[in-house]
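In full-length UniProt numbering, the protein residues as written are 1 to 280.
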């Protein structure tokens, strides 16, 4: 979805429905198969032969980068950084004009300098990036220059446990559709997030006592809100009733909230709206 690969939804369809159709077709054609079902998250795998074919077909568009990488095709669109050593490819990054996806994975969690270097390179060179994944990064802050990524649709900061606040330029990411910050303990929902008017999916951990309604009012496209380990959260906002698209509210480890309708980590949304845990 972030890379614009989905056909426009038909009437009464959401973008996520179109993505589900694509995935189901891949499964029906035996091109991929279900691996694990975690309830809200699913993982898939493919046969070795299909994987080899996919690598062959996509070799000019996808590239795994490590410390031994010397050159990168100028037409590459999807980059995965995968090494625990310093990666020295800065000199070729300036030639890459088509990068749309960057994943930083299996890079040393001990070396903040490597992560800072990679993020800085991505922000300064890949102006048209659509998806940026920094899971488990030791970064303490995001560079303020991240606001220049005006085409960014998906940002994954899952388990970036050193990030306590977002940069002042974050409000500029108005095209953002998916933001995953589970395990990144923000002190409160930042004012800058009001401007994320295209946000459809949000996973977040906050340490504030309540979810401030003023931060939510512009999220008219929000489909799913996941609150994780919000230990101090005592109430939600009545303004959540004004989110027309919200169909999933999922809580994990929010121990201070009422557990009246809390079943296996899920809430009955319609019942929750009647609950007295909603505050102005």
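Note that beta-carbon positions come from the ideal geometry of N, C-alpha and C, so glycine has one too.
When C-alpha distances from residue 225 are compared across 206, 251, 239, the shortest belongs to 251. With 16 or more other CB atoms across the displayed protein chains lying within 10 angstroms of its CB, residue 103 is buried. Ranked by Cα distance from residue 245, the options 227, 230, 223 are led by 223. At a cut-off of 4 residues, the continuous stretches assigned as alpha helix (DSSP H) that sit fully inside the stretch 111-177 are 112-125. Taking every protein chain shown into account, the CB of residue 71 has fewer than 16 other CB atoms within 10 angstroms, so this residue is exposed. Residue 63 sits buried, since 16 or more C-beta atoms from the chains shown fall within 10 Å of its C-beta. DSSP places residue 73 outside both helix and strand once states are collapsed to three, so it counts as coil. Rounded to whole angstroms, residue 77 and residue 220 show a C-alpha spacing of 31 Å. When secondary structure is reduced to three states using DSSP, residue 51 falls in the helix class. Here DSSP, grouped into helix, strand and coil, assigns residue 14 to coil.
In this structure, residue 1 and residue 135 do not form a Cβ contact; the two beta carbons are roughly 18 Å apart against a cut-off of 8 Å. By the Cβ neighbour-count rule, residue 94 is exposed, with fewer than 16 other Cβ atoms within 10 Å of its own. Between residue 4 and the set 18, 170, 11, the nearest pair of CA atoms involves 18. Boundaries of the beta strand (DSSP E) harbouring residue 203: 201-206, taken from the DSSP string. With fewer than 16 other Cβ atoms inside 10 Å of its own Cβ, residue 231 counts as exposed. Per DSSP, the continuous beta strand (DSSP E) segment holding residue 103 begins and ends at 101-104. Annotation: the continuous beta strand (DSSP E) that includes residue 65 extends over 62-65. With 16 or more neighbouring CB atoms inside 10 Å of its own CB, residue 123 falls in the buried class. Beta-bridge analysis with DSSP links residue 40 to no other residue. For residue 210, the pairing in a beta bridge is given by DSSP as 235. Spanning the alpha carbons of residue 210 and residue 190 requires a straight line of approximately 13 Å. A direct Cα-Cα distance of roughly 25 Å separates residue 49 from residue 75. Burial of residue 181 is indicated by the presence of at least 16 other C-beta atoms within 10 angstroms of its C-beta. DSSP places residue 242 within a helical segment (H, G or I) once states are collapsed to three. Separation of residue 207 and residue 185 (C-alpha to C-alpha, rounded to the nearest whole angstrom) is 7 Å. Looking at the DSSP output, residue 180 shares a beta bridge with 156, 203. A Cβ-Cβ separation of about 16 Å leaves residue 137 out of contact with residue 170 under the 8 Å criterion. Looking only at 216, 199, 238, 158, the smallest Cα-Cα distance to residue 229 is reached by 158.
By the CB criterion at 8 Å, residue 196 and residue 217 fall outside the cutoff.
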